[in-house]
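Asks:
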Amino acid sequence: MAAYSDYNQLTKFDKSMYNSIKKSIFHVTQKLGSGVVSPVPCDTAWVARVPAKNTTQPAFPECLAWLRAHQNTDGGWGTKYPYCPYSDVLNTASSLLALTQWNYPEDKILIKNGVAALKKVVKHLPHVQTEDGAFEMIISGLVADARELKLDLDYESFEWFSSIGQKKLR
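Residue numbers for the sequence shown follow my numbering, beginning at 1301 and rising by one.
1) Any idea what DSSP makes of residue 1336, helix, strand or coil?
2) According to DSSP, simplified to helix, strand and coil, what is residue 1358?
3) Taking 8 Å as the threshold (C-beta atoms), are residue 1465 and residue 1439 in contact?
4) When the Cα of residue 1420 is compared with those of 1432, 1437, 1376, which residue comes out closest?
5) What does the alpha-carbon distance come out to for the pair residue 1321 and residue 1355?
6) Buried or exposed: where does residue 1407 fall if 16 or more other Cβ atoms within 10 Å of its Cβ makes it buried?
7) Leaving out five residues before and five after residue 1349 in sequence, what residues of the same chain have Cβ atoms less than 6 Å from its Cβ?
8) Between the Cα of residue 1318 and the Cα atoms of 1341, 1352, 1382, which residue gives the shortest distance?
9) Please state the DSSP three-state secondary structure of residue 1351.
10) Where residue 1462 and residue 1405 are concerned, what is the direct C-alpha to C-alpha distance, given to the nearest angstrom?
11) Taking the C-alpha atoms as reference points, what is the distance between residue 1433 and residue 1469?
12) Report the rounded CA-to-CA distance for residue 1390 versus residue 1435, giving the unit in angstroms.
13) Let me make sure I understand the geometry here. Which of 1396, 1368, 1360, 1370 has the alpha-carbon closest to that of residue 1448?
14) Consult DSSP for residue 1402 and reduce its assignment to one of helix, strand or coil.
15) Tell me the DSSP secondary structure of residue 1407 in three-state form.
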């Protein structure tokens, strides 16, 4: 999901909704780390992609800080227990998109390590449709965003999942 390119192009309704969503997200992110909300890389990365009004800076830089602090030693943002490669792919891809979108120089090595981890885990995904097809639909959008941001991924590894996701979305 690409961000609005210019805050001023939003309609009055959209601006009101944007500000309402931003306020809600702000309240949730204030609770991160307090035990009230358990942060998850995929969700945190989505919030990290929300632009501030001027669209040149993230609205929630604390989410980027959280992602930087929680990258695994293998370069990904997956979970160790219980291990789920589908979750690892979504968490790592979402985190990479957030860091790549803002293009901060200090994130280059994190992105490089994350890309390596993602390439490794996606090779081990079985070409079996998930029960509800949710993975395929989500990864389809993430792959499209990755292409737009010119992330250095092996896009052929995602083709099977993306084609299933695109069919589900029709």
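All C-beta atoms, glycine included, are put in the ideal place defined by N, C-alpha and C.
Replies: Taking the structure as given:
1) Start at 1 with the first residue of the sequence shown, and residue 1336 comes out as number 36. Residue confidence is low: residue 1336 scores 40 on pLDDT, short of 50, so the model does not pin down where it sits. Its coordinate-derived value is still stated next. The answer is coil: DSSP assigns residue 1336 none of H, G, I, E or B.
2) The count along the sequence shown starts at 1 and reaches residue 1358 at position 58. Reduced to three states, the DSSP call for residue 1358 is strand.
3) As a working note, residue 1439 is residue 139 in the sequence shown. As a working note, residue 1465 is residue 165 in the sequence shown. The answer is yes: Cβ separation under 8 Å.
4) Here residue 1420 refers to the residue found at position 120 when the sequence shown is read from its first residue. For residue 1420, the nearest C-alpha among the options comes from 1376.
5) Working through the sequence shown from its first residue, we reach residue 1321 at position 21. Working through the sequence shown from its first residue, we reach residue 1355 at position 55. If you take the alpha carbons of residue 1321 and residue 1355, they lie about 16 Å apart.
6) Here residue 1407 corresponds to residue number 107 of the sequence shown, with the count starting at 1. So residue 1407 counts as buried.
7) Stepping through the sequence shown from its first residue, residue 1349 is reached at position 49. Leaving aside the five residues that flank residue 1349 on each side, the residues in its chain whose CB is nearer than 6 Å to its CB run, in chain order, 1398, 1401.
8) Residue 1318 sits at position 18 when you count from the first residue of the sequence shown. The candidate whose alpha carbon is nearest that of residue 1318 is 1352.
9) As a working note, residue 1351 is residue 51 in the sequence shown. DSSP places residue 1351 in strand when its eight states are reduced to three.
10) Your numbering for residue 1462 matches position 162 in the sequence shown. Your numbering for residue 1405 matches position 105 in the sequence shown. If I take the Cα positions, the gap works out to 30 Å.
11) In the sequence shown, the residue the question calls residue 1433 occupies position 133. In the sequence shown, the residue the question calls residue 1469 occupies position 169. Distance between the alpha carbons of residue 1433 and residue 1469: 10 Å.
12) Looking up residue 1390 in the sequence shown gives position 90. Looking up residue 1435 in the sequence shown gives position 135. If you take the alpha carbons of residue 1390 and residue 1435, they lie about 8 Å apart.
13) Against the sequence shown, residue 1448 aligns to sequence position 148. The shortest Cα separation from residue 1448 among 1396, 1368, 1360, 1370 belongs to 1396.
14) For this step, residue 1402 is matched to residue 102 along the sequence shown. Three-state DSSP puts residue 1402 in a helix.
15) Along the sequence shown, one-based indexing puts residue 1407 at 107. Helix, per DSSP.
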